[in-house]
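Asker: Would you mind keeping the following structure in view while I ask a few things?
In our numbering, the protein residues as written are 692 to 967.
Here it is in structure tokens:
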């Protein structure tokens, strides 16, 4: 991220029209890095500036990237509707330029967010399209993400055999990769599946692993999501531990301006009888 910051400064100093596209591309890339560390507002501003620079020049692939990262930023900020709109806009842009991976990544994200919004049919349609693209392109990174999201969706519908089949496929791909943050996300999904199946012991085991990995990789968004799940599971038998997890989640969500997750943590605290 330091290198992208230096590149932005150098390109701004040039102040020449010929460097506008380069500046837009670097700003979009920097927005992606900002999202990864939980700086969602900075990610939003960077992606919006990138789009403003790139739109008059119409380099479609670069515009698709900027829209993708802007969708991610709005997700972090808790505006799921706006996030979905940007992901779908990114998918449309990628379609125009024939960028298969971009289409798949945008639809994977849009599908997961439609799931979070309760739009199950739209979510599964987007995710299945993304899965087809991921399989065709052979992108292991994209495959793991789509499998993980499909596992979460099918488990939420009580389709546990399908969910575990997606988990196993995801694990098989992960065995060929070194991506601890994806393992963390998969562990979170396994915890949610176990909780929905009523196995709280297995759920807590998977979630503890997810939290350990999320802390190790510095993925603060996954830390918040995992703490909320742990708090909800622990609530029935260890109110003190549950409250501790939920208060940490609420504090971090507030720090990240992740309004949707903050509302979820606050509601869980209220349900526990420990309002924030």
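Just so it is clear, CB atoms sit at the ideal spot from N, CA and C, and this is done for glycine as well.
Remember, it's a predicted structure, so these values are computed and weren't measured experimentally.
To the nearest angstrom, report how far apart residue 909 and residue 816 are at their CA atoms.
Answerer: Rounded to the nearest angstrom, the two C-alpha atoms are 32 Å apart.
Asker: Between the alpha carbons of residue 872 and residue 904, how many angstroms are there, rounded?
Answerer: Residue 872 and residue 904: Cα-Cα distance of roughly 7 Å.
Asker: Are the C-beta atoms of residue 722 and some chain C residue less than 8 Å apart?
Answerer: The structure shown contains no chain C; it holds only a single protein chain.
Asker: If contact is defined by three or more beta carbon pairs under 8 Å, each pair taking one atom from either stretch, is the segment 745–753 in contact with the segment 927–934?
Answerer: Contact fails: fewer than three Cβ-Cβ distances are below 8 Å.
Asker: Taking the C-alpha atoms as reference points, what is the distance between residue 792 and residue 834?
Answerer: Straight-line Cα distance between these residues: approximately 11 Å.
Asker: Please give the ranges of any alpha helix (DSSP H) in the segment 800–862, keeping only runs that are unbroken, at least 4 residues long and fully inside the region.
Answerer: Listed in chain order, the complete alpha helix (DSSP H) runs (minimum 4 residues) inside the segment 800–862 are 811–828, 831–847.
Asker: Applying the criterion that 16 or more other CB atoms from any shown protein chain within 10 Å of the CB defines a buried residue, is residue 732 buried or exposed?
Answerer: When all chains shown are included, residue 732 counts as exposed.
Asker: My assumption, with CB atoms under 8 Å, is that residue 723 sits in contact with residue 741. Please give the rounded CB distance.
Answerer: Contact doesn't hold; Cβ gap of about 10 Å is too wide.
Asker: In angstroms with no decimal places, state the Cα-to-Cα distance between residue 777 and residue 808.
Answerer: The straight-line gap from Cα to Cα measures roughly 15 Å.
Asker: Taking buried to mean at least 16 other C-beta atoms within 10 Å of its own C-beta, is residue 869 buried or exposed?
Answerer: Residue 869 comes out exposed.
Asker: Figure out for me which residue from 852, 801, 866, 830 has the closest Cα to the Cα of residue 840.
Answerer: Nearest of 852, 801, 866, 830 to residue 840, Cα basis: 801.
Asker: Where does residue 717 land, buried or exposed, given buried means 16+ other C-beta within 10 angstroms?
Answerer: Under this definition residue 717 is a buried residue.
Asker: Would you decide whether residue 789 is buried or exposed? Buried here means 16 or more other CB atoms lie within 10 Å of its CB.
Answerer: That one is exposed.
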